[in-house]
Amino acid sequence: MARRDLTGAVDFGHLEAYTLNDAAVIEEVLRLFQHQCELWAPLLTTGHEGWRDAAHTIKGAAGGIGAHALAAAAEAAERGDDAGAATRLERVRDQMNAALMDVAAYLHELRIRGLKGPN
Numbered sequence: 002m003a004r005r006d007l008t009g010a011v012d013f014g015h016l017e018a019y020t021l022n023d024a025a026v027i028e029e030v031l032r033l034f035q036h037q038c039e040l041w042a043p044l045l046t047t048g049h050e051g052w053r054d055a056a057h058t059i060k061g062a063a064g065g066i067g068a069h070a071l072a073a074a075a076e077a078a079e080r081g082d083d084a085g086a087a088t089r090l091e092r093v094r095d096q097m098n099a100a101l102m103d104v105a106a107y108l109h110e111l112r113i114r115g116l117k118g119p120n
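Per the working numbering, the very first residue in the sequence shown carries number 2; after that it's consecutive.
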């Protein structure tokens, strides 16, 4: 997996600008995002009473890294009625998986650059 595998699920330009392109900070933020997803993903089901809280937390985490489609899907899930919740939460999970794949590719590229050393 490498940067060429990015799908656009995450706007890394947003994150790079926000962190002043500091690779260590970017890595820390992306690792925190991965951790948030790991913690909250199991709650993204209508079978769990905390699904709105999970969607809200994912919305914030996604917005912070530039995963705009995920943030929008999480907001729609959080604000929507109970009747369509299962479908909206499935969209959140799909968008989360896409964002996590992009994050993994980006982190892989950071590691490769780190191995090569400074230019």
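We treat Cβ as the ideally placed atom computed from N, Cα and C, and that holds for glycine.
- E76 and H49 have their alpha carbons spaced roughly 17 Å apart.
- In the same chain as L90, and ignoring 5 residues on each side of it, the C-beta atoms closer than 8 Å to its own belong to L45, T46, T47, W52, A56 and A78, in chain order.
- Within the model, the alpha-carbon separation for R114 versus A24 is close to 10 Å.
- For the pair A10 and A68, the CB atoms are nearer than the 8 Å cut-off.
- For T58, the uninterrupted alpha helix (DSSP H) run begins and ends at W52 to I66, by DSSP.
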